[in-house]
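> Sending over a structure as structure tokens; questions will come in a sec.
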Amino acid sequence: MTPDPSERERELRAGLDDAPTIPVDEFRRRSRRSFLVGAASVGAAALGWNWLQAQPDVGGIPKPLRDTLELNEALWSRLSEQRSAPEFPRSKATPIRMNGRIGIRNEIDLDAWTVRVEGPDGGLLDQLDITAFEALPQREMIIEHKCIEGWSSIVHWGGVRFRDFHERYAARLGDVPYVSLETPDGLYYVGWDMASILHPQTMLVLRQGDEPLDQDHGAPLRLATPNKYGIKCLKRIGVIRYSRERPADYWAERSYDWYAGL
Amino acid sequence: MAETSIETSEPTIDPESVIHDEPVARLVHPRAIRWMHWINVPLLFVMIWSGLRIYWAEDVYAFGIGSWQWFAFFPDAIYETFGLERRLARGMAFHFAFGWLFVLNGVAYAIYLAASREWRHIVPDRQSASEAKDVVLHDLHLRRQAPPQGKYNAAQRISYTVVLTMALVLVVSGFAIYKPTQLHPLPLLFGGYQGARLIHFTMTIGLLLFVVMHVIQVVRSGWGNFRSMVTGYVIERRSPRADDHREDAR
Chain X
25 MTPDPSERER ELRAGLDDAP TIPVDEFRRR SRRSFLVGAA SVGAAALGWN
75 WLQAQPDVGG IPKPLRDTLE LNEALWSRLS EQRSAPEFPR SKATPIRMNG
125 RIGIRNEIDL DAWTVRVEGP DGGLLDQLDI TAFEALPQRE MIIEHKCIEG
175 WSSIVHWGGV RFRDFHERYA ARLGDVPYVS LETPDGLYYV GWDMASILHP
225 QTMLVLRQGD EPLDQDHGAP LRLATPNKYG IKCLKRIGVI RYSRERPADY
275 WAERSYDWYA GL
Chain G
191 MAETSIETSE PTIDPESVIH DEPVARLVHP RAIRWMHWIN VPLLFVMIWS
241 GLRIYWAEDV YAFGIGSWQW FAFFPDAIYE TFGLERRLAR GMAFHFAFGW
291 LFVLNGVAYA IYLAASREWR HIVPDRQSAS EAKDVVLHDL HLRRQAPPQG
341 KYNAAQRISY TVVLTMALVL VVSGFAIYKP TQLHPLPLLF GGYQGARLIH
391 FTMTIGLLLF VVMHVIQVVR SGWGNFRSMV TGYVIERRSP RADDHREDAR
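In the order they appear, the protein sequences are chains X and G. Quick note: the first sequence, position 59, residue 83 per this note's numbering, numbers continuous. Quick note: the second sequence, position 83, residue 273 per this note's numbering, numbers continuous.
Laid out in structure tokens, this is it:
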């Protein structure tokens, strides 16, 4: 049985006919005012938009946007610090794609490779070859590597936690807030805050799966983490430099977020 | 009778004045709804525009079967026309700044709907589905009479509820892509990081289609309807039947 339409209408219109009414001439006045306010708001929005675009650039984007990226980082790091990304079974891992050659355009002689470790005052702390990293505790992690472009891939990395490497210098350095990493040619460089680089999932990678890294993926030593975009995961590390100031970052100079945290 | 009541009627509620046929303006869209609706327009636009700059960097979604591709999101001409190429970083900066405003506006809207009980005019009930069918038939001139309706007809109620739900899914999947580690296990809700990306994109397309339909319907409905979202009021000439209801309701 269908309900009486008028009863249905009454149910649907409940309360509507109690809404306030105004005489039509009063309505015309208010209507005019509403449209004027509307037009003013559109104008204000347009001015605001132009103002934003006209602000001086910091690292390639208008300062208010750069400030917002910094604010976002402050917010997220406060909300939940040092959380870990999920790890996956070995069977899920696939070979990771090659995406970018900045700083690794030419092949190098892997046997001649060393990494310079520098203190915040610019002094040389160490010059290490690959055996120094092979001597540290070896770890595996199967994580989802996320590219800032949008693709991601589950990859099996093997190597050394950065925090285990850092142990060598921790006592000597004391409280240093930043680390900078560079390719040997200095063309690609990334900056890290200490909390992020000491995260247990930030790894100095020597192997993909069970194979040593190939040069496309940063042999003999690269950085990896599931907790920042791939732009922070420098391939072919040539310099590890502790720093008191926030270090320059290749992509942060090109409009990207300095933290690029996930 | 009619003339005397014009002379004596107060601007406020006078039971006598509602009997006759003088048009009055009745509030249909509260001020808060109007502001939030219009603030949402540029915010949604900036979010979609900056989102497409991000999508350009990895534009993998397409319709097709096997190797035959019918439509790729999006043809190069679209990117060229709207200047969306090589703007990933700027796109992200805008997206993660204006996203907060979009979310704040949405949260304020949700709170308002709940507090004012305005949601009752939007969320469909059990009869809405069959009424919505009649609305569509009526719109297509296949049915003479429109079904009864409240503030919105049944088709509007269903589509507004769907689009609000899509907006919610859009925002939650956006957060899953934005901070998959910090918000773990949120991405699992969408089948993982790439699942969240696909759903975020799909909801965006859904919202775009809604906007197109919405604008078409607003144009069809005419000036008075559009004006009501600016001023809040519609002019109504009270029909005797509506007055009967009013009397019954008391």
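The beta-carbon is built from N, C-alpha and C at its ideal position, and this holds for glycine as well. Just so we're clear, the structure is a prediction, and the values are computed from it rather than from any experiment.
#1: Helix, strand or coil for V231(G)? Go by DSSP, reduced to three states.
#2: Helix, strand or coil for M291(X)? Go by DSSP, reduced to three states.
#3: Does the distance from the CB of V200(X) to the CB of Y266(X) come in under 8 Å?
#4: State the start and end residues of the unbroken beta strand (DSSP E) segment that holds H169(X).
#5: So, does the CB of A336(G) fall closer than 8 Å to a CB anywhere in chain B?
#6: Check the Cβ-Cβ distances between E33(X) and every residue of chain G, and say whether any is below 8 Å.
#7: Could one say the Cβ of I166(X) lies closer than 8 Å to chain G's Cβ atoms, at least one of them?
#8: Who are the neighbours of R185(X) on chain G, taking C-beta pairs under 7 Å?
#9: Determine the DSSP secondary structure at K256(X), reduced to helix, strand or coil.
#10: Which of helix, strand or coil does DSSP assign to E437(G)?
#11: With DSSP collapsed to three states, give me the class of G441(G).
#12: Quick check: is any heavy atom of the ligand GDP less than 7 Å from the C-beta of F51(X)?
#13: On the three-state DSSP scale, how would you describe R333(G)?
#14: Taking a Cβ distance cut-off of 7 Å, strictly less, list which residues of the stretch 356-386 of chain G are near chain X, in chain order.
#15: Am I right that D153(X) and W137(X) are in contact with their C-beta atoms under 8 Å? What's the rounded C-beta distance?
#16: When DSSP labels each residue in this structure, what does Q339(G) get in the three-state scheme?
#17: I425(G) to W309(G), Cα distance in whole Å?
#18: Tell me, which residues are paired with T45(X) by DSSP?
#19: Under 8 Å: do the stretch 413-425 of chain G and the stretch 210-225 of chain G share three or more Cβ pairs, one atom per stretch?
#20: Taking buried to mean at least 16 other C-beta atoms within 10 Å of its own C-beta, is I244(G) buried or exposed?
#21: Given that a residue counts as buried once 16 or more other Cβ atoms are within 10 Å of its Cβ, and exposed if not, what is S30(X)?
#22: Buried or exposed: which applies to M403(G), given that a residue is buried once 16 or more other Cβ atoms fall within 10 Å of its Cβ?
#23: Would you mind reading off the limits of the alpha helix (DSSP H) that contains I268(G)?
#24: Spatial neighbours of L197(X) within its chain, please: C-beta separation below 8 Å, excluding the five flanking residues on both sides.
#25: Please classify Y158(G): does DSSP put it in a helix, a strand, or coil?
#26: Out of W413(G), A267(G) and A262(G), which has the shortest C-alpha to C-alpha gap to F391(G)?
#27: Does any residue of chain X bring its CB to less than 8 Å from the CB of I348(G)?
#28: Tell me, please, which residues DSSP counts as bridged to P86(X).
#29: Would S115(X) count as contacting chain G if we go by Cβ distances under 8 Å?
#30: Which same chain residues end up closer than 7 Å to I255(X) when comparing Cβ atoms and leaving out the 5 residues on each side of it in sequence?
#31: Against Y280(X), what residues of chain G qualify as contacts under a CB-to-CB distance less than 9 Å, listed in chain order?
#32: Counting C-beta neighbours from all protein chains within 10 Å, is the total for R37(X) 16 or more, i.e. buried, or is it exposed?
#33: Kindly list, in the order they appear in chain G, the residues whose Cβ is closer than 7 Å to that of L134(X).
#34: So the candidates are A283(G), V313(G) and N230(G); which of them puts its Cα closest to the Cα of D81(X)?
#35: Would you kindly report the start and end of the unbroken beta strand (DSSP E) that includes D150(X)?
#36: Per DSSP, what kind of secondary structure is H180(X) in: helix, strand or coil?
Once the coordinates are examined:
#1: V231(G): helix per DSSP, three-state reduction.
#2: This structure leaves residue 291(X) out entirely; chain X is present only between 25 and 286.
#3: Contact: yes.
#4: R163 to K170
#5: Absent here is chain B; the protein component of the structure consists of chains X and G.
#6: yes
#7: no
#8: The contacting residues do not exist; R185(X) stays about 17 Å from chain G at best.
#9: helix
#10: Confidence at E437(G) is low in this model, with a pLDDT of 37, below 50, so the placement of that residue should be treated as unreliable; the coordinate-derived value is given next. Helix at E437(G).
#11: Past the edges of chain G, shown from 191 to 440, lies residue 441(G), and the structure says nothing about it.
#12: In the structure on display, the ligand GDP does not appear, and there are no ligands present to speak of.
#13: coil
#14: Within the stretch 356-386 of chain G, K369, P370, T371, Q372, H374, Y383 and Q384 place their CB atoms closer than 7 Å to a CB of chain X, listed in sequence order.
#15: 7 Å
#16: coil
#17: 23 Å
#18: R216(G)
#19: yes
#20: buried
#21: exposed
#22: exposed
#23: D266 to F272
#24: G143, P144 and Y266
#25: Past the edges of chain G, shown from 191 to 440, lies residue 158(G), and the structure says nothing about it.
#26: A262(G)
#27: no
#28: D81(X)
#29: no
#30: I172, W275, Y280 and A284
#31: L278, A279, M282 and A283
#32: buried
#33: Under the 7 Å cutoff, chain G gives no residues; its nearest Cβ is about 32 Å from L134(X).
#34: A283(G)
#35: L148 to L152
#36: strand
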